[in-house]
């Protein structure tokens, strides 16, 4: 009935010691050692530099998207939260995917993910059709869950000790099911959406008691907190489990609440936002990829992670699907990180 | 027919050498001297410290506001762009007002402005009723222009050499009329609104050729630039005269475009935004007050000015009318400036 796909052609084990990180950040030797035992590995990279790799696992969707925006239209392109997340994260760290596709899922999309050194051991291929999403400028027009409807995520033995885990938007009971299949990671983050906030509120709050970071957009935050004021919402949510709440505000950037601290970063002003689909998942991928890469969870590290997430989101919206990331190099990421610094810095007095 | 009001009870001349700056920033002796000739003066302040005062002039409205928000309701309180602007600016520098009120304008509001050392030599009191505005959470419900309708601003001789000039939202021909009555200031900034953007577009663009900084909200920017993308809008507007474009985005903060540089600062997250009326004018007052105070117009100074403007706006919305500023002290402003820094800072790598 179900079979697995996406075995890495290199036959590397899941410990990812050999992860080479095409286009991935070159590790600074002094930093790789800052990680916890087993949390990072370093090996000569493809480009002859040291690559540090935290072990990051994502549960989400791999989908075929059809999108129309004022800048054009695409049909059945690579989409899904796990695809966006993993591709963005792959610039920073080793990342593995738990997801499902149907028989019709094109091999070329798997090849793209494999080329980014994304571990697809946990990607099931099942009888039936792949999850399809159709939208216009982020507004959903049609959703065909297909194989995603009966998806019961299974975490392969090789992935049961992730350093960090991201539970993308999916039924909160399934998110919790994955959490129960793994040894408690150093960091667990999750996303959700209004459908679950309204329909499975209790299950969602049960999940939140086990989550470190909640990453949602402002509309979802207001619905979850049942309050239009985001400061009030943050107090409520931080009281429900998460130590950190990240609120994505689209073109207005991101707010991060941690305890009584708040960090705000604007979105990168772009002249053409061709397709916002996946921007939030690319944000989460950059955010957690950076954290897994460094192994640090200090306020400073979280802030830099938010900026790296914003950088990845800013690239994602410059083209349809993951097209902007296809030719992206790590130096482009560092350059835009520098542009974020330039855009936000001011002298104290 | 018309008579002047608001002569300063102290009888000080308009050179403002003696401006004492209640609650105003104490000057750092080394900085006061950085101003151009005649642009700043320093004298022992009320609190025994040196006070540096640039010479800032504002054209705008002094009004009676009736406002309803979810937090309460007030009737015929002190409002108007010039009132908000001047009160915010008065924490930083000497400020003079060109405006008009009717016979019915309460003396206690003038007393409040005078207590802030705001020069009211240019405030006319005319026969008729004062400009009244009624709104709900910044949405206009009713406007009675009254004496404001036939207002023809006259700049008294004592105010014809301002160091900096702010032309608040009013007919662009009247804004230009004031510009023609003064010796070219070091910095001219202006605001406008959709009514003039739609109704007097040519006059507005004529004004813009003589303006250094345009301060408008995002809706106005899109209407003026006839484009929904703010980066595209900034290029168009910066090509029309202003060297700097500041776009106010309410709860999302401020964008400043200067040449090919962009600076973004978030709004201060508040748990209760009691009344947003006047926030934009308090922003402009803090922005120009700081610039007039320091006399610097570098990118660094403009950025700090944007933050000081954001600080003043964040206080303004915490209460109705100018009530939050009644007891505000300069150290409160510095503390919130520090909070803005804390909220936005991140380490580069």
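Chains as they are written, first to last, in our numbering: chain A, 103 to 451; chain B, 103 to 451.
Each residue gets a CB set at the ideal place from its N, CA and C atoms; glycine is no exception.
Please read all numbers here as calculations on a predicted model, not as lab measurements.
| Check | Outcome |
| --- | --- |
| In whole angstroms, what is the alpha-carbon distance linking residue 419 of chain B and residue 409 of chain B? | 16 Å |
| Can you find the residues in the same chain that come closer than 8 Å, C-beta to C-beta, to residue 438 of chain B, ignoring five residues on each side of it along the sequence? | 370, 413, 416 and 417 |
| Counting only beta-carbon atoms, is residue 410 of chain B nearer than 7 Å to chain A? | no |
| Whole-angstrom Cβ separation of residue 249 of chain B and residue 233 of chain B, contact assumed at under 8 Å? | 7 Å |
| Given residue 423 of chain A, which residues of its chain have a CB within under 7 Å of its CB, disregarding the five upstream and five downstream residues? | 167, 176, 179, 180 and 181 |
| Closer than 7 Å by beta-carbon distance: list the chain A residues that pair up with residue 365 of chain B, in chain order. | 445 |
| Cα-Cα, which of A:262, A:260 and A:231 is closest to residue 252 of chain A? | A:231 |
| Identify which residue in A:165, A:223 and A:198 has its Cα closest to the Cα of residue 204 of chain A. | A:165 |
| If you count every other CB in all the chains shown that lies within 10 Å of the CB of residue 243 of chain B, and 16 or more means buried, which is it? | exposed |
| Apart from the five residues on each side of it in sequence, which residues of its chain come closer than 7 Å, Cβ to Cβ, to residue 206 of chain B? | 231 and 232 |
| Would you say residue 378 of chain B lies against chain A (beta-carbon separation less than 7 Å)? | no |
| Kindly identify the DSSP beta-bridge partner or partners of residue 363 of chain A. | A:360 |
| Within 10 angstroms of its Cβ, does residue 330 of chain A collect 16 or more other Cβ (buried), or is it exposed? | exposed |
| Have a look at residue 321 of chain B and residue 362 of chain B and give me their C-alpha separation to the nearest angstrom. | 22 Å |
| Have a look at A:194, A:183, A:174 and A:184 and flag the residue whose alpha-carbon is nearest the alpha-carbon of residue 433 of chain A. | A:194 |
| Which residue wins for smallest C-alpha separation from residue 191 of chain A, given the options A:429, A:387, A:161 and A:271? | A:387 |
| Please tell me whether, using a cut-off of 6 Å, the distance from the CB of residue 249 of chain A to the nearest non-hydrogen atom of the ligand ZN is below it. | Within the structure as shown, the ligand ZN is missing, as the structure has no ligands at all. |
| Since residue 434 of chain B meets chain A, which of its residues come closer than 7 Å, beta carbon to beta carbon? | Ordered by position in chain A, no residue passes the 7 Å Cβ test against residue 434 of chain B, which lies about 15 Å from the chain. |
| Please confirm whether residue 293 of chain B and residue 325 of chain B have their CB atoms less than 7 Å apart. | no |
| Return the chain-ordered list of same chain residues with a C-beta closer than 6 Å to the C-beta of residue 267 of chain B, the five sequence neighbours on each side being excluded. | 159, 287 and 290 |
| Find the nearest neighbour of residue 351 of chain B within the set A:368, A:345 and A:359, judged by alpha-carbon distance. | A:368 |
| Can you tell me where the alpha helix (DSSP H) with residue 412 of chain A in it begins and where it stops? | 401–418 |
| Under 7 Å, do residue 309 of chain A and residue 347 of chain A count as touching if we go by C-beta distance? | no |
| My output table needs one value for residue 248 of chain A: the three-state DSSP class, helix, strand or coil. | helix |
| When you compare each of A:210, A:273, A:217 and A:223 to residue 303 of chain A by their alpha carbons, which one comes out closest? | A:273 |
| Can you say whether residue 336 of chain B is buried or exposed, counting buried as having 16 or more other CB atoms within 10 angstroms of its CB? | buried |
| Assign residue 173 of chain B to buried or exposed, taking buried as 16 or more other Cβ atoms, counted over all protein chains shown, within 10 Å of its Cβ. | exposed |
| Just how far apart, CA to CA, sit residue 444 of chain A and residue 275 of chain A? | 42 Å |
| Tell me the rounded alpha-carbon separation between residue 354 of chain B and residue 198 of chain B. | 30 Å |
| Quick check: the Cα distance between residue 403 of chain B and residue 441 of chain A, rounded to an integer number of angstroms? | 19 Å |
| If you count every other CB in all the chains shown that lies within 10 Å of the CB of residue 241 of chain A, and 16 or more means buried, which is it? | exposed |
| Should residue 383 of chain A go down as buried or exposed, given a rule of 16 or more other Cβ atoms within 10 Å for buried? | buried |
| Nearest-angstrom Cα distance between residue 220 of chain B and residue 435 of chain A? | 49 Å |
| For the beta strand (DSSP E) containing residue 330 of chain B, name the first residue and the last one. | No beta strand (DSSP E) contains residue 330 of chain B, which DSSP labels as neither H nor E. |
| What is the DSSP secondary structure of residue 319 of chain A, reduced to helix, strand or coil? | strand |
| Among all the DSSP beta bridges, which residues are the ones paired with residue 157 of chain B? | B:196 |
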